[in-house]
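Novice: As given, the protein sequences belong to chains A and B, one line each in that order. Read in order, the letters of the first sequence correspond to residues 6 to 230 in our numbering. Read in order, the letters of the second sequence correspond to residues 6 to 230 in our numbering. Note that the Cβ used here is the ideal one computed from N, Cα and C, for glycine as well.
There are 2 protein chains.
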Amino acid sequence: MQRISAFAETAALMGDPARANMLFALMDGRALTAGELARFAGVTPQTASGHLARLAEAGMIAPAAQGRHRYFRLASSGVAQMVESVMSVAEELSRRPLPVTGPRDAGLRRARTCYDHLAGELAVAIAGRMAERGQLVLGHDGAALTGAGVALLGELGVAEAALDAPCRACLDWSERRPHLAGAPATALYRHFVARSWVRPRQGTRALEVTRAGEAALARWFGIAL
Amino acid sequence: MQRISAFAETAALMGDPARANMLFALMDGRALTAGELARFAGVTPQTASGHLARLAEAGMIAPAAQGRHRYFRLASSGVAQMVESVMSVAEELSRRPLPVTGPRDAGLRRARTCYDHLAGELAVAIAGRMAERGQLVLGHDGAALTGAGVALLGELGVAEAALDAPCRACLDWSERRPHLAGAPATALYRHFVARSWVRPRQGTRALEVTRAGEAALARWFGIAL
DNA sequence: GCAATGCTACGGCGCCGGCCGAAGCATCAT
DNA sequence: ATGATGCTTCGGCCGGCGCCGTAGCATTGC
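#1: Round the Cβ separation of L193 (chain B) and V155 (chain B) to the nearest angstrom and send it over; I've been treating them as touching at under 8 Å.
#2: Could you tell me how far apart the beta carbons of H184 (chain B) and A128 (chain B) are, in whole angstroms, since I believe they sit closer than 8 Å?
#3: Excluding sequence positions up to five away, which residues of its chain have a Cβ less than 7 Å from the Cβ of G40 (chain B)?
#4: How should E126 (chain A) be labelled, buried or exposed, when 16 other C-beta atoms within 10 angstroms of its C-beta is the threshold for buried?
#5: How long is the line joining the alpha carbons of E213 (chain A) and R117 (chain A), rounded to whole angstroms?
#6: Using a Cβ cut-off of 8 Å, pull out every chain A residue sitting near G83 (chain B), in sequence order please.
#7: Please report the distance separating the alpha-carbon of L28 (chain B) from that of V94 (chain B).
#8: Assuming I9 (chain B) contacts A53 (chain A) (C-beta within less than 8 Å), just tell me the rounded distance between them.
#9: Quick one: Cα of A229 (chain A) to Cα of I131 (chain A), how far?
#10: Using a Cβ cut-off of 9 Å (strictly closer), state whether M135 (chain A) contacts chain B.
#11: Tell me whether L141 (chain B) sits in a helix, a strand or coil according to DSSP, three-state version.
#12: Can you pull the chain A residues whose beta carbon is under 7 Å from the beta carbon of M65 (chain B), in chain order?
#13: Could one say the Cβ of D21 (chain A) lies closer than 9 Å to chain B's Cβ atoms, at least one of them?
#14: Under 8 Å Cβ-Cβ, which residues of chain A neighbour R173 (chain B)?
#15: Nearest chain A C-beta to L141 (chain B) closer than 9 Å, yes or no?
#16: My understanding is that A36 (chain A) touches A70 (chain A), with C-beta atoms under 8 Å, so please give their C-beta distance in whole angstroms.
#17: Counting contacts by CB-CB distance shorter than 9 Å, is T15 (chain A) in contact with chain B?
#18: The beta strand (DSSP E) that contains I66 (chain A), what's its start and end?
#19: Do G20 (chain A) and M92 (chain B) come within 9 Å of each other at the CB atom, strictly closer than that value?
#20: Rounded to the nearest angstrom, what separates L168 (chain B) and P189 (chain B) at their Cα positions?
#21: Quick check on this structure: which residue in A:G72, A:A30, A:F45 and A:L98 has the alpha carbon closest to the alpha carbon of I66 (chain A)?
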């Protein structure tokens, strides 16, 4: 709470166009006078004075009195880095986003099918571990098997043909993290069933993980549910 | 201009307490529903809806419709890093700033004395180069010679006794970057005069850099003015 | 001394934007 | 179908803040 409000205040200080201009003018490490900053920001000196007082009060810039001038500089390299990082995101956001989908239920959290692939804790754990191990590049919006990933699944016995097809990342409603979807995920699910690592239950999408399944998960993925 | 306004808008989006709370709630990478985010931010669903629409419109968060729920997640790790960096500065600014001083004139930019030490382009270049080479730790508010710095000045012939004394950083009004002050800087200036590397001019604080001085600057500091 | 310059303090204006209540539209449940 | 739930849109209120004009203080220069 306390820190979130400090965060919001810091961000809000950068969020005013006049102040943003001032911060940019100071980004090269030089110290500028209040008047110069006012001109740079396109406001009158008295308006600038108020902005500068607020920035200084917050500790984001540091004043240095010098005769009848007052010089201001960024208070630290940390501030410059912050401005830099906000700028980089702002730049990136000059492009666009995208959507995802999924189901809804309860009691199926552990393991279930999601159309034609695995979902639930099990699937999220598999995707997460594969990503950790560099076998999978996992985004919220997309996924791709790496060479190591293809090798693992091939060794495991999944049909090679399916592994060339593209993956998708599917948002898991119970875990709220992505799990693997697409042709490779379908092949993987079928393989799990063929080996009796998971067993579908009658009249529900829930899956029972067998003892053999637990052993296989530990062996191939290093997962203990 | 264009990018500065994008910067300000991005920062302003983070600058509202309700939105800041939402962003924090999403920082662990999970996707949360609009209602959950509303509760987290302490606002009504309709208010939250507006905030979420703005964040999504800007591309800072990504929506995922799912039945009668809408899940939101941070749009990218870049956004998370930005939040992180703003947070770190906000944390740091829960502490305080400080002032500096200096003179004013014209035509003395290249080299001059500042009370009892060097100032102007010359002094700023020396301080900058020494900092680059790890001989000096230079802040806007303070400075300290490292072991390498003490070694350099000692080798150069500056009285060892002075090198143990503390340094100051002095804001250079013409360069608007800090140069070195304090006892070591005074000793260095005297050394420059003794070796005729700089020659004071009558009735002014300006210094003339001699040919020997230029050679010495190149040799000891790697500086070509 | 006086005037000029640079900056700040104060007061008032206007607008942007955050807030909620009411209402509307989807999806899900029975 | 009917009601419940989740979310959004609309409209109106209100407070905060960014803006400037005026005035005042400090420093500099004549």
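Specialist: Let me spell this out:
#1: The sequence position of residue 193 (chain B) within the second sequence is 188, counting from 1. The sequence position of residue 155 (chain B) within the second sequence is 150, counting from 1. Going by Cβ atoms, the distance from L193 (chain B) to V155 (chain B) rounds to 12 Å, so no, they are not a contact pair.
#2: Locating residue 184 (chain B) in the second sequence gives position 179, where the first residue counts as 1. Locating residue 128 (chain B) in the second sequence gives position 123, where the first residue counts as 1. Indeed they touch by this definition, with Cβ atoms about 4 Å apart.
#3: Your numbering for residue 40 (chain B) matches position 35 in the second sequence. Excluding residues within five positions, the ones whose Cβ falls inside 7 Å are P50.
#4: The residue you call residue 126 (chain A) lines up with position 121 of the first sequence. By the neighbour-count rule (16 or more Cβ atoms within 10 Å), E126 (chain A) is buried.
#5: Here residue 213 (chain A) corresponds to residue number 208 of the first sequence, with the count starting at 1. Here residue 117 (chain A) corresponds to residue number 112 of the first sequence, with the count starting at 1. Cα-Cα distance, rounded: 8 Å.
#6: Residue numbering aside, residue 83 (chain B) sits at position 78 when the second sequence is read from its first letter. The answer, in chain order, is S93, V94 and E97.
#7: Position 23 of the second sequence, counting from 1, holds the residue named residue 28 (chain B). Position 89 of the second sequence, counting from 1, holds the residue named residue 94 (chain B). Approximately 17 Å, taken between the alpha carbons.
#8: Position 4 of the second sequence, counting from 1, holds the residue named residue 9 (chain B). Position 48 of the first sequence, counting from 1, holds the residue named residue 53 (chain A). About 16 Å separates the two Cβ atoms, so there is no contact after all.
#9: For this step, residue 229 (chain A) is matched to residue 224 along the first sequence. For this step, residue 131 (chain A) is matched to residue 126 along the first sequence. C-alpha separation (whole angstroms): 11 Å.
#10: The sequence position of residue 135 (chain A) within the first sequence is 130, counting from 1. No, because no Cβ of chain B sits closer than 9 Å to the Cβ of M135 (chain A).
#11: For the purposes of this step, residue 141 (chain B) is taken as the residue at position 136 of the second sequence. Reduced to three states, the DSSP call for L141 (chain B) is strand.
#12: On the second sequence, position 60 is the one that residue 65 (chain B) refers to. Per Cβ cutoff of 7 Å: L98.
#13: Here residue 21 (chain A) refers to the residue found at position 16 of the first sequence. Judged by the 9 Å Cβ criterion, D21 (chain A) is in contact with chain B.
#14: Counting from 1 along the second sequence, the entry for residue 173 (chain B) is found at position 168. What R173 (chain B) touches in chain A: nothing, since even the nearest Cβ is about 13 Å away.
#15: Position 136 of the second sequence, counting from 1, holds the residue named residue 141 (chain B). It does not: the Cβ of L141 (chain B) has no partner Cβ on chain A nearer than 9 Å.
#16: Along the first sequence, read from residue 1 onward, the residue named residue 36 (chain A) stands at position 31. Along the first sequence, read from residue 1 onward, the residue named residue 70 (chain A) stands at position 65. Wrong, their Cβ atoms sit about 11 Å apart, outside the cutoff.
#17: Taking the first residue of the first sequence as 1, we reach residue 15 (chain A) at position 10. At least one chain B Cβ lies under 9 Å of T15 (chain A).
#18: Here residue 66 (chain A) refers to the residue found at position 61 when the first sequence is read from its first residue. I66 (chain A) -> beta strand (DSSP E) spans I66 to Q71.
#19: Here residue 92 (chain B) refers to the residue found at position 87 when the second sequence is read from its first residue. Here residue 20 (chain A) refers to the residue found at position 15 when the first sequence is read from its first residue. Cβ atoms of M92 (chain B) and G20 (chain A): not closer than 9 Å.
#20: Residue mapping note: residue 168 (chain B) aligns to position 163 of the second sequence, counting from 1. Residue mapping note: residue 189 (chain B) aligns to position 184 of the second sequence, counting from 1. So the two alpha carbons sit approximately 5 Å from each other.
#21: On the first sequence, position 61 is the one that residue 66 (chain A) refers to. Measuring from the Cα of I66 (chain A), the nearest candidate turns out to be A:A30.
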